[in-house]
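A.B. asks: Under my numbering, the sequence shown is numbered contiguously, ending at residue 446.
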Amino acid sequence: MSFTKAPLLLLALGLGFASPSFADDIGPAKAPARPKNIVIMVGDGMGPAYTSAYRYYKDNPDTEEVEQTVFDRLLVGMASTYPASVSGYVTDSAAAATALATGNKSYNGAISVDTQKQPLPTIFEKAKELGLSTGVAVSCQINHATPAAFLSHNESRKNYDAIAQSYLSTNADVLLGGGQSYFPPELLAQFTAQGYQHITRFEDLATITQPKVLGLFAEVQLPWAVDEKDAHRLSSLTQKALNLLSQNDQGFVLLVEGSLIDWAGHNNDIAAAMGEMDEFANAIEVVEQYVREHQDTLMVITADHNTGGLSIGADGNYKWDPAVLRNISASPDTLAKAAIGGDEWKTDLSRGLGFELTEEEIAKLNVARMQGLETMSTAVRHVIDNRTGTGWTTEGHTGMDVQVFAAGPAAGLFNGHQDNTDIANKIFSLLPKPKKVKEPANSAVN
1 MSFTKAPLLL LALGLGFASP SFADDIGPAK APARPKNIVI MVGDGMGPAY TSAYRYYKDN
61 PDTEEVEQTV FDRLLVGMAS TYPASVSGYV TDSAAAATAL ATGNKSYNGA ISVDTQKQPL
121 PTIFEKAKEL GLSTGVAVSC QINHATPAAF LSHNESRKNY DAIAQSYLST NADVLLGGGQ
181 SYFPPELLAQ FTAQGYQHIT RFEDLATITQ PKVLGLFAEV QLPWAVDEKD AHRLSSLTQK
241 ALNLLSQNDQ GFVLLVEGSL IDWAGHNNDI AAAMGEMDEF ANAIEVVEQY VREHQDTLMV
301 ITADHNTGGL SIGADGNYKW DPAVLRNISA SPDTLAKAAI GGDEWKTDLS RGLGFELTEE
361 EIAKLNVARM QGLETMSTAV RHVIDNRTGT GWTTEGHTGM DVQVFAAGPA AGLFNGHQDN
421 TDIANKIFSL LPKPKKVKEP ANSAVN
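#1: Just verifying my parser: in three-state terms, what is the DSSP assignment at Asp-419?
#2: In the DSSP assignment, find the beta strand (DSSP E) that holds Ile-38 and state where it starts and stops.
#3: According to DSSP, is Met-370 helix, strand or coil?
#4: When the distance is taken between beta carbons, is Lys-105 closer than 8 Å to Pro-83?
#5: Which residues in the same chain as Gly-195 place their Cβ atom closer than 7 Å to its Cβ, once the five residues preceding and following it in sequence are excluded?
#6: Given this structure, state the Cα-to-Cα distance separating Ala-271 from Val-383, to the nearest angstrom.
#7: Given a cut-off of 8 Å, decide if Ile-111 and Thr-98 are closer than it, judged by their beta-carbon atoms.
#8: So, is the C-beta of Ser-166 closer than 8 Å to a C-beta in chain C?
#9: Given a cut-off of 8 Å, decide if Val-174 and Thr-238 are closer than it, judged by their beta-carbon atoms.
#10: Residues in the same chain with beta-carbon distance under 8 Å from Thr-200, minus the five sequence neighbours each way, listed in chain order, please.
#11: Roughly how many whole angstroms lie between the Cα atoms of His-198 and Ala-283?
#12: In or out: Tyr-318 buried (at least 16 other Cβ within 10 Å) or exposed?
#13: Grouping DSSP H, G and I as helix and E and B as strand, with all else coil, what is Met-78?
#14: Flag this pair as touching only if the stretch 344-355 and the stretch 217-235 have three or more C-beta atom pairs under 8 Å; answer yes or no.
#15: In this structure, how does DSSP classify Asn-248 when only helix, strand and coil are distinguished?
#16: Ignoring anything shorter than 4 residues or poking outside the stretch 194-253, list the alpha helix (DSSP H) runs there in chain order.
#17: What do you reckon, are the CB atoms on Trp-392 and Gly-308 nearer than 8 Å?
#18: Quick check on Asn-60: buried or exposed, where buried means 16 or more other Cβ atoms within 10 Å of its Cβ?
#19: What are the uninterrupted segments assigned as alpha helix (DSSP H) that are 4 or more residues long and contained completely in the stretch 110-137, given in chain order?
#20: Helix, strand or coil, according to DSSP, for Met-400 in the structure here?
#21: Give the DSSP-derived three-state secondary structure of Ile-447 in the structure shown.
#22: Mind reading off the beta-carbon distance from Ser-133 to Leu-245? Whole number of angstroms is fine, and I expect it under 8 Å.
#23: Using only alpha-carbon positions, find the residue among Thr-375, Phe-280, His-294 that is nearest to Tyr-50.
#24: Excluding five sequence neighbours on each side, which residues of the same chain lie with their C-beta closer than 7 Å to the C-beta of Ala-79?
#25: Pick helix, strand or coil for Ile-284, following the three-state DSSP scheme.
#26: Helix, strand or coil for Ser-183 per DSSP?
#27: Which partner residues does Gly-341 have in the DSSP bridge list?
#28: Please work out which residues of its chain come closer than 6 Å, Cβ to Cβ, to Ala-368, disregarding the five sequence neighbours upstream and downstream, and give them in chain order.
#29: Quick one: what's got a C-beta closer than 8 Å to Lys-158's C-beta in the same chain, skipping five residues either side?
#30: In this structure, does DSSP put Ser-139 in helix, strand or coil?
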């Protein structure tokens, strides 16, 4: 084999084969070289420690083996996350989402604009030009940094109202998540005038059978998954988005974000983080099943950055005890709120945590209880961290690389190490080619 031909062969392999976990189901003979549909999934803040912690959280303690999770099955590579040099090496969600949506580096806070604040073409815009449908299903407000970077352009992620207004011009087919606070009646009237069905209750999802839809199911973000363990909010939104977008014979591009993994990381909240990881994994499995049934669909999963500096083990102790997390019945925020307002707070809190509090823990919690909800929530999280052996280095982001997962046609393109901009540029390359306009046979140049 000549060296000049090797890269072409590698590209062909990347385009022709699905990821190893799908080889038996799809096979190189069945999978098309280029996907018709592309699902991009982002675990916001989901650094590698989160997927490792989730593996142990889901482990069956009655078996000697540590069972694999969906993340283990689909892992294909890694990606760097640094923003444009003006912002250093640690990215925020806006710059990272801009990289994933446009294939370009920009400054922290940028929503698909370059360092000169000029708009950058996005995957969604290109898909729309080619006749594909587009949509987002997220657990934060739909005008938050990650979905905004795929749908809009703005010099600052903080311009929530302007970003929400800009969605009128995107012609996106599916908009599902939170964010009612940013869509006043006047703006909603403009969406309905454009043919959007507007819903605010999850039970109304069943009534939506055709695009377009604007589903806003919370004032800001959706509830913590650990507070609604049987609700499966994100996976339900993901399934509905797939059902609606698949009605376009030309294909679609869908963004799914497990947004609240990041929010839990900022709070240094391991209980909420594992709940969000579990629901994101449920959403991935919804898409994984869709890929099995629709062999023309590519799924690419990554994180935009790592949040919180999560460590599995802390304070020099060689232990991490996820069994504690499995018994917690609600988020620390919910437990703290109940403890502040309840007469039998010690008993109720012990029941919610799933373990008996020690006298030392009760003394610390009692002091925190007198200082308000935020202090009490933090104190409850600290008790959980101490019991589990969980460590954190920051309430912000870190600059470490993140994992990449993929399945379906062309999944092999994402193998190995790459930059986050490479992920976008590879997806751009997989979009259908514009159809050439056939000129009349007798056309002549005068």
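Yeah, the Cβ is synthetic: ideal placement off N, Cα and C, and Gly gets one too.
Keep in mind the model is a prediction, meaning the values are calculated, not measured.
C.D. replies: Based on what the coordinates show:
#1: Three-state result, Asp-419: strand.
#2: 37-43 is the span of the beta strand (DSSP E), which, as asked, contains Ile-38.
#3: Correct three-state label for Met-370: coil.
#4: Yes, these two residues count as a Cβ contact at 8 Å.
#5: Counting only Cβ-Cβ distances below 7 Å, and skipping sequence neighbours, we find Lys-212.
#6: Between the C-alpha atoms of Ala-271 and Val-383 there is a straight-line separation of about 11 Å.
#7: Contact flag set, yes.
#8: This model lacks chain C altogether, as it is built from one protein chain only.
#9: Result no, Cβ atoms of Thr-238 and Val-174 do not sit closer than 8 Å.
#10: Result list for Thr-200: Gln-180, Gly-215, Leu-216, Phe-217, in chain order.
#11: So the alpha carbons of these two residues sit roughly 23 Å apart.
#12: Tyr-318 sits exposed, since fewer than 16 C-beta atoms from the chains shown fall within 10 Å of its C-beta.
#13: Strand, per DSSP.
#14: Cβ pair count under 8 Å is below three, so no.
#15: Coil.
#16: At a cut-off of 4 residues, the continuous stretches assigned as alpha helix (DSSP H) that sit fully inside the stretch 194-253 are 233-245.
#17: A contact, by the Cβ cut-off of 8 Å.
#18: Around the C-beta of Asn-60, fewer than 16 other C-beta atoms lie within 10 Å, and the residue is accordingly described as exposed.
#19: Those alpha helix (DSSP H) runs which fall completely within the stretch 110-137 and span 4+ residues are 123-129.
#20: Reduced to three states, the DSSP call for Met-400 is coil.
#21: No answer is possible for residue 447: the residues shown for the chain start at 1 and end at 446.
#22: Taking 8 Å as the upper bound for CB-CB distance, Ser-133 and Leu-245 are in contact here, some 5 Å apart.
#23: Taking each of Thr-375, Phe-280, His-294 in turn and checking the Cα distance to Tyr-50, the smallest one comes out for Phe-280.
#24: Within the same chain, Thr-302, Asp-401, Val-402, Val-404, Gln-418, Asp-419, Asn-420, Ile-423 come within 7 Å of Ala-79 by CB-CB distance, once the 5 residues on both sides are set aside.
#25: Here Ile-284 sits in helix by DSSP.
#26: At residue 183 the sequence reads Phe, which differs from the Ser that was named. Phe-183 falls in the coil class under three-state DSSP.
#27: Gly-341 pairs with nothing; no bridge assigned.
#28: Cβ neighbours of Ala-368 beyond the five flanking positions: Thr-375, Met-376, Ala-379.
#29: Correct list, in chain order: Gly-109.
#30: Residue state, collapsed to three classes: strand.
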